[in-house]
Each structure stands twice: as structure tokens, then as C-alpha cells.
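In our numbering, the protein residues as written are 122 to 808.
Take a look at the structure below.
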RNA sequence: GCCGGGAUAGCUCAACGGUAGAGCACCUGAUUUGUAAUCAGGUGGUUGAGGGUUCAAAUCCCUUUCCCGGCUCCA
């Protein structure tokens, strides 16, 4: 549940929000006319429209929408006035008790959510109703004047939502809708929805052959990059590698798994075990394991001897004797293997004895198995790289960079195309520095973000500065109160001094320190955390990382975790929607498609392709039985960035006709000039 | 993980208790083309999986996997 809004804040609702919120009341009225016993909870305006949460025995499905919408239509036609009524607390409680609140009439059952809402209103705050026709709702408003002001609306979906957003509360039915001043705006919205569907990265990703999600064989949330998508991530990696190289980073490479000790040390296991894949249990091939697997039948048989006490010697062998001469025990067991137990009792004894023997052998020889975890983050591996060599203050700042593949066990219901996956290729780096170097390093990271945003034309973004909360210390956050405050001050200062636009969000930090998340919006309105930049004052200490300072003392470095391009998965997902699949030349999976008009030009076209590919341009020639128009249509549909069309006239003039995806025919130009321009556009990463 | 809705050819969809079909894609052939669809033919399916009801199941029922819309979560 969001923070309770003050009355003043509520009054600041925009015109559109007032309209949406009013439509929520109209929706509620319609529901009550159809199902008078509905228990209403909340009906706020949200970014796109509005919803109303309610509890109702009847399960509302989209099939009910026409019926509800028809009723809503009647209500807007009735043009009811939204009338504000101020009441006393006692009156409000009474109306909730009699079921009148959030209803059309008094009802046998109290309006239980409204009752709770009344009770949660702070003493002294005015309590108001809004009344439209018979519908009376506890509501701070504001509203439009009349229901008739709502010119157009539509119910969009029905879902469930936890009461007050708490997983432990029961789920209510939530009906979503949109509302507009007039029909034209509704139509515009519908058009936008169509456009959004068209741009959906899942749809474009399949159409363009960028990636595949093979849940059956690979697993849900584990993306396969197809060659076209692979081309994009190669470009992104090149961009990152070049940028990081120039910024003084060094590249490392680490395995995808690590032993349990790693994550016990990092603190991830206690804090984030749930979002890691369960461990692989690896039992090394010890003497006891080998023995058991080779002699399991003999061992079983031999247990009969326990009862008869015949071959105690087999168990009295010392571990060393067995280890040095496994044949001894085997022989002993073999000798008594002819003995057999009869009946149920014998079977039970045998089973117990087998278990005892196995445990004994395991405890003696095998010890604890090894647990390996798929890494959910790269930092621990990088910390171990830090400690793999002695470090001096002269080495600092040390910027270790890697495109590391991490695995996170996201909840099944959370997976979403490429945006939320279980294997992530992170544009990761850890910067180890001294407190004195921190401001400059942190600033440089932020600058790098801005540089990237410019390349991709990302204009709308917010840096969210997430800080800790005192209550979370020792639970959600490492229990080092003074370091939290100190580090957060440090970050805040850098942000203020650099003049970067940011907003502070309490109680959202990483467990080891404050972080900055970069929120962006794709053109179709989807919001993402694209990149992240975190300060870690805790984990380097847990790993005992130190560098030798000028004064010959060992100091623990600060660590900045940063991932300006986030993960390949989310970033490419974002880019697909951002560009609607129409990537700039440098990113386009298919950069150049050369189309000879007749067979006569094939040799000439092959030469052009060869020249382009020699310069690492993703170019190919396409000649088929189709007419030119058809081939152009297919090239456009495939979103090939640049088409070079070559007919007899072009070849005679050593020229090519250029057509750019979405821009149409640009005319015939000298071949050398065209190729030079293509190379320049790629090199400069022109938008 | 929770609530709800889905899953038919590579893609978009049809058949809604009675012989699984169309367009595009793909393959073959003809056509050699000047800027968003040349023509003809052909291949393609255990209807997500498993069970049940029925003379008969893509269709009805149950289980399960996955996907979608939300919620919760998100280092």
C-alpha cells in the first residue's frame, strides 16, 4: 500500500485523474446495480486508467464486461451529480455498519472494507462522502461535476489483487478500465494499444528472429539468442568494452558457479537464498562412495550378518584399513553373502542395518558433500579476483569488468519475455576504491550512463536513489547503522554536486549499501529499471579484502557495483520496443541487403558484399525468383537497414541504388561513396 | 508463489461432439524483373502433455507444463 496521501495532495489530482477516479465510481455503481452485495475496497485512478477492488462471490470475467459497460453507459446518461458530503466519524462508522457505505442502499452485511477505511482515517481529518445518485462512497475526491462528463470509457481487464497489496491478505477482484473526455480520445488510446502490441519485444523478437524462449527444453526464463539477436548483443558488448577500456577498466572472466562458502561469505545466502537456484550437491568420488556403489548388493546381503553377529569383523575394520585395502571388507561381505534373512522382521532389520552401514561409511569416508550454486551476481567472484593478488593503493581504483552470466530463480509468475528472465548477461563491473576516490569514481559512472543514454536516444529517465531504513537493519540490510548514514551522505553529495536529476526512495537499498537505479520508459509506456549503480561498504570487508595503503596499513576498499547497460536481456528487450525493431545501422542485425535486379548483376553484387564483409559489415546478397517489388517488400518486412539495389544502369556507372528501411528510395549513388558512408555511420554509431 | 484467462502447421487464425482447414512462410518449377506481394504445384499436425467421459473428443471433465493479464516480489 502506498503512503497515505494527505487531503491536500488529493486535491491536486489532474483533470484526467479526476475523470478516471470518477469513472471508478461509475464502475462501482454499475457493479452494485448488478450485484448489490459486492463489498467495495478501493477505486483509485492509476497511470493509464482506474480500477476498483472488490470482493464478490460471482467471479467477474471479461464476458461480464458488456453487461457492466451497458450499465455504466446508463449511469453516465443519467448525468448524476457528484455531491460532496462531510460527515462526522460516528455517522461514517454507522453507515459502514449498516452496509450503506460503498453501496446503493443499506444492506444486511456491514461494508467491511469501508469500515476499516473509516477507522484508518486519522483523528481530526475531515471525513467526506461522494454521492452520485444512490451510490454513496467514502471518498476524499475530487471528482468531475457529473457522471455525464465522462465521455468515453472501456473496461480493460479483470485480475486479482491482494487486499492492501499484502501477500498475506486475501485476494480481491480488481476490475481495470480507462476513461476519457470523449470518444476521440478513447479511439486514440485504442490506437496506442495497437501500436504497443506491434512493438512488443516478444512479438518483434520472434518475427525478427532475435531470440527464442524454449521453456520445454531449456527452461522458462532462459533466453536463447538467435543469430540476429546475437549480432545486437555483440555490438552492445563491443560498445561496453570500448567505453570501459577508455575509462580505465580491466576485463576479467569468471565461472558461472561457485561453492557455498562464497555465498555464505558474501551474505547472499542468508539475504537472498530464495532468488538463487537451489544448489547442486556434488559428492566427490570417495573410497566409501566407490565401495558402496560397487558393492551395494553385497552390502545389503551382508547386513544379515549384523543380526547373527557373525561377521562383526567387517565393521571393526578401521577406516585406514578399508581405505588401504577395500578388498578386505568386500571379502568379508562376500563370505556372508550366502546368508539370507527370512520374513518381515528380517527385512526391517536388513533395511535398518543397510541405512546404518551407509551412514557409517559416509560419515567415515565421504564427509559433507560439496554444494555449488549458480551465481546470481558477479561480485563475489570479482572479490576473489581482488584477493587473488596482493593489492597496493597504487592499484586503486581497480575496475574489474565482465559480461557475466548470472542466474536468478525469479518466481514463475514474474517471468516476462526478455524483461524478467532467469539467466542474465550483465554489463557488470566492480570498482574498488578508497573513500577519497569514491566521489570521482561514482561521478564517472554516472557520466558513463549519460553517455550511453545519448547514444541510444534515451531522453526520459529518472535516477532513483534507494536508501535503507532503520527498521530493516539486521534483516533486509547489513547491520552497520553508521556506515549506512555515512555512505548515503557521500552518494547524496555526489548526486547534488553533479546536478543529476534524481529522486530519493527510502527502504529500497541493496542489502550491502545504497543504490541508484535508472528508471526508463519505453515509447510504449513500459517502465524499466535499466541500469544500476550501487555502493557496497559491507561485502569487501566480509571477504577480508584489503589493500596496502601509503602508511603501510591494510585498508578495506569501498566497492561500486555498476551495470549501465543492465543485462543483455532487458536492454535488448527495451531497445526492441524503443526502436520498434528499426535499429540504427550499427545495431541492425541485418545491416545491408544487396539486391541484383537480374542475374547479370550478381557478380558485381557479390563484389560489393565481399567488400562490406571485409569491413565487418553484416551484408548479404539476395536474389530469388521473385519480382523486385516482392523482394523489396520482404527486405522491408525483415527490417534490413540498407538495401542496395543494383540494375544494369547502376553497374555500368559503378554505382548502387540506395534504399533505407522505412525511408524509401534514395536514388543511385557512386558505389565508393555509399560504402564509405555506411562504414562511417557504423563507426560513429549514428542514431 | 497467488487469482484469472489461454495453448490448433514456423506465423496469423478457422473448425466448437461426427473425415483437422485457409492465408503467409518453406520446398519445386516457370518467369529475369528498376523500389512494399509474378504464376503454378508441393511438403507440413499424436490439436502443449497425461488421464477420463463417449459409439465418436481439437471440442466435455480432471491433472500437469508452459504462456498471457494482474497481484506479490525484483541484488
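We put the beta carbon where it would ideally sit given N, CA and C, even for glycine.
All values reported here derive from a predicted model rather than from experimental measurement.
Roughly how many whole angstroms lie between the Cα atoms of residue i and residue j?
i	j	result
residue 701	residue 604	44 Å
residue 707	residue 542	26 Å
residue 638	residue 362	22 Å
residue 568	residue 624	17 Å
residue 460	residue 490	Any answer about residue 460 is weak, because its pLDDT of 38 lies below 50 and its placement is not dependable; what the coordinates show is given next. One C-alpha to the other measures close to 33 Å.
residue 221	residue 215	9 Å
residue 219	residue 598	46 Å
residue 783	residue 379	48 Å
residue 548	residue 306	41 Å
residue 787	residue 180	58 Å
residue 503	residue 330	34 Å
residue 425	residue 404	Low per-residue confidence applies at residue 425: pLDDT is 47, beneath 50, and the placement is therefore not dependable, though the value from the model is reported in the following sentence. Roughly 28 Å separates the two Cα atoms.
residue 139	residue 133	9 Å
residue 457	residue 400	Confidence is the limiting factor: at residue 457 the pLDDT is only 34, short of 50, which leaves the residue's position unreliable and the question unanswerable from this model.
residue 551	residue 282	39 Å
residue 691	residue 505	27 Å
residue 728	residue 336	42 Å
residue 589	residue 353	37 Å
residue 629	residue 593	10 Å
residue 773	residue 709	30 Å
residue 340	residue 334	8 Å
residue 343	residue 538	10 Å
residue 303	residue 274	9 Å
residue 387	residue 570	27 Å
residue 661	residue 668	11 Å
residue 559	residue 519	12 Å
Go ahead and label residue i buried or exposed: buried means 16 or more other beta carbons lie within 10 angstroms of its beta carbon, across all protein chains shown.
i	result
residue 232	buried
residue 512	buried
residue 694	buried
residue 609	buried
residue 338	exposed
residue 740	buried
residue 745	exposed
residue 383	buried
residue 703	exposed
residue 636	buried
residue 517	buried
residue 245	exposed
residue 174	buried
residue 525	buried
residue 618	exposed
Identify whether residue i lies in helix, strand or coil by the three-state DSSP scheme.
i	result
residue 329	coil
residue 642	strand
residue 260	coil
residue 605	helix
residue 501	helix
residue 186	helix
residue 453	Confidence at residue 453 is low in this model, with a pLDDT of 42, below 50, so the placement of that residue should be treated as unreliable; the coordinate-derived value is given next. If DSSP states are grouped into helix, strand and coil, residue 453 belongs with the helices.
residue 317	helix
residue 274	strand
residue 552	strand
residue 348	helix
residue 682	strand
Residue i and residue j: beta carbons closer than 7 Å?
i	j	result
residue 193	residue 151	yes
residue 738	residue 722	no
residue 634	residue 670	no
residue 606	residue 683	no
residue 234	residue 162	yes
residue 800	residue 720	no
residue 776	residue 752	no
residue 666	residue 563	no
residue 640	residue 730	no
residue 346	residue 332	yes
So residue i packs on residue j, CB below 8 Å; how close in whole Å?
i	j	result
residue 572	residue 528	About 29 Å; that fails the 8 Å criterion.
residue 581	residue 492	With 8 Å as the limit, residue 581 and residue 492 do not qualify as a contact, their Cβ atoms being about 44 Å apart.
residue 276	residue 186	5 Å
residue 546	residue 375	The pair is not a contact, with the Cβ atoms about 13 Å apart (cut-off 8 Å).
residue 659	residue 714	Incorrect: roughly 53 Å between the Cβ atoms, too far for contact.
residue 200	residue 269	3 Å
residue 255	residue 226	7 Å
Less than 6 Å separating the Cβ of residue i from some heavy atom of the ligand PLP?
i	result
residue 261	The ligand content of the structure shown is nil, which means the ligand PLP is not present either.
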